[in-house]
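Those protein sequence lines, which keep their order, are chains A and B.
First residue of the first sequence? That's 64 in the numbering used here, and the numbers climb one at a time after it.
First residue of the second sequence? That's 64 in the numbering used here, and the numbers climb one at a time after it.
From the three backbone atoms N, C-alpha and C, an ideal C-beta is built for every residue, glycine too.
As the structure is a computational prediction, the values presented were derived from the model and not from experiment.
There are 2 protein chains.
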Amino acid sequence: MLSDEDAVLEANAEFYAAFESGDIDRMADVWERSDRATVVHPGWPRIQGWAKVAGSIDAIFRGTGYIQFFLTDAHVEVIGATAVVTVDENILQASGAANAPENPGPLSEAKVAAVNVFVRDGDEWRMILHQGSPVNTELRD
Amino acid sequence: MLSDEDAVLEANAEFYAAFESGDIDRMADVWERSDRATVVHPGWPRIQGWAKVAGSIDAIFRGTGYIQFFLTDAHVEVIGATAVVTVDENILQASGAANAPENPGPLSEAKVAAVNVFVRDGDEWRMILHQGSPVNTELRD
Numbered sequence: 064m065l066s067d068e069d070a071v072l073e074a075n076a077e078f079y080a081a082f083e084s085g086d087i088d089r090m091a092d093v094w095e096r097s098d099r100a101t102v103v104h105p106g107w108p109r110i111q112g113w114a115k116v117a118g119s120i121d122a123i124f125r126g127t128g129y130i131q132f133f134l135t136d137a138h139v140e141v142i143g144a145t146a147v148v149t150v151d152e153n154i155l156q157a158s159g160a161a162n163a164p165e166n167p168g169p170l171s172e173a174k175v176a177a178v179n180v181f182v183r184d185g186d187e188w189r190m191i192l193h194q195g196s197p198v199n200t201e202l203r204d
Numbered sequence: 064m065l066s067d068e069d070a071v072l073e074a075n076a077e078f079y080a081a082f083e084s085g086d087i088d089r090m091a092d093v094w095e096r097s098d099r100a101t102v103v104h105p106g107w108p109r110i111q112g113w114a115k116v117a118g119s120i121d122a123i124f125r126g127t128g129y130i131q132f133f134l135t136d137a138h139v140e141v142i143g144a145t146a147v148v149t150v151d152e153n154i155l156q157a158s159g160a161a162n163a164p165e166n167p168g169p170l171s172e173a174k175v176a177a178v179n180v181f182v183r184d185g186d187e188w189r190m191i192l193h194q195g196s197p198v199n200t201e202l203r204d
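Next comes the structure, spelled out in structure tokens:
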């Protein structure tokens with residue numbers, strides 16, 4: 064039996080695995096597919112409601128040739144039926160169409176400070192919010 | 064008697080009022096002053112623990128001549144003893160030392176997508192997380 068913290072970290076890891084896979088159905092299983100589902104992609108305005116959230120992630124999938132997340136400094140706070148994960152995303156990515164994986168664009172790096180909020184759903188934890196803030200590494204590191 | 068949602072919105076409003084006032088003691092009353100207090104200022108890396116959070120806010124206060132928040136599209140989700148507020152910050156600000164308010168720098172505008180997490184503390188709601196993501200208005204509006 065996993066502790067709440069470990070179960071939340073497992074759900075959090077699955078979010079990033081789904082993102083790396085580019086599989087929108089796998090991503091859908093991570094989320095609470097409700098009106099309160101909310102995402103802020105780095106640099107984007109806030110998007111609310113599952114259909115719009117899914118559409119935005121699908122658009123990113125279609126425009127991303129390759130993406131890998133190296134997660135550091137994860138912190139989990141479980142408060143009753145809610146869990147807040149803060150984590151640093153160290154991202155290696157290439158643009159270019161995901162349907163042409165043999166020809167991704169040049170690789171680039173980015174650092175993003177993320178907060179992910181989950182709610183308990185029976186034995187599962189479902190994401191209701193993902194927000195990624197670009198970290199200005201030139202000025203702050 | 065305020066509803067939970069209204070009480071949370073009141074705490075959220077007080078966070079921004081404290082920010083505009085530049086009064087760190089007033090700001091301290093908004094927060095849960097604990098190890099889990101976490102802030103991500105726009106473009107900054109994540110900062111965790113109340114002492115560091117307070118230090119970062121105080122540094123911003125000292126470098127800010129003037130700041131005003133116009134909040135739009137606030138959304139509150141109360142889940143048991145936790146509350147998640149998402150809100151757009153439309154910011155009008157001037158750099159320059161706060162101790163020379165007669166001589167602020169030029170005004171600039173910014174748009175930030177924020178998430179604020181509060182926990183219930185008796186009759187109060189205390190902030191445990193504030194994260195602001197810069198919105199790239201040139202590309203996305």
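Contact between A/Thr101 and A/Arg109 holds, with the beta-carbon distance rounding to 6 Å and staying under 8 Å.
At a C-beta separation below 7 Å, A/Asn75 has no neighbours in chain B, since its nearest C-beta there lies roughly 15 Å away. In its chain, beyond the 5 residues on either side, Phe132 have a beta carbon closer than 6 Å to the beta carbon of B/Tyr79. The C-beta of B/Leu192 comes closer than 8 Å to at least one C-beta of chain A. The count of Cβ pairs closer than 8 Å, one atom from the segment 111-120 of chain B and one from the segment 133-149 of chain B, stays below three, leaving the stretches out of contact.
Annotation: the segment 65-141 of chain A contains the following complete segments of the beta strand (DSSP E) (minimum length 3 residues), in chain order: 101-103. Neighbourhood of B/Thr101 in chain A, by CB distance below 9 Å: His138, Glu140, Val147, Thr149, Val178, in chain order. In chain order, Thr101, Val180 place their CB closer than 6 Å to the CB of B/Leu192, counting only its own chain and leaving out the 5 sequence neighbours on each side. Along the segment 86-117 of chain B, going in chain order, the ones with a CB nearer than 8 Å to a CB of chain A are Arg99, Thr101, Val103, Pro105, Gly106, Trp107, Pro108, Arg109, Gln111. A check of alpha carbon separations from A/Gly85 across A/Leu72, A/Gln156, A/Met64 identifies A/Gln156 as the nearest. A distance below 8 Å between beta-carbons, with the five flanking residues on each side excluded, links A/Asp184 to the following residues of its chain, in chain order: Glu95.
Considering only A/Asp69, A/Met64, A/Gln194, the residue with the shortest C-alpha distance to B/Val147 is A/Gln194. Closest in C-alpha terms to A/Ser171, from the list A/Glu83, A/Asp92, A/Trp188, A/Asn153, comes A/Asn153. Here A/Asp186 is exposed: its Cβ has fewer than 16 other Cβ atoms, across all protein chains shown, within 10 Å. Taking A/Ala173 as the centre and dropping the five residues before and after it, the same chain places the C-beta of Ile154 closer than 6 Å to its C-beta, in chain order. By the beta-carbon neighbour count (other beta carbons within 10 angstroms, threshold 16), B/Met190 is buried.
Inclusion of A/Ile142 and B/Thr200 in the CB contact set at 8 Å is not warranted, their separation being larger than that value.
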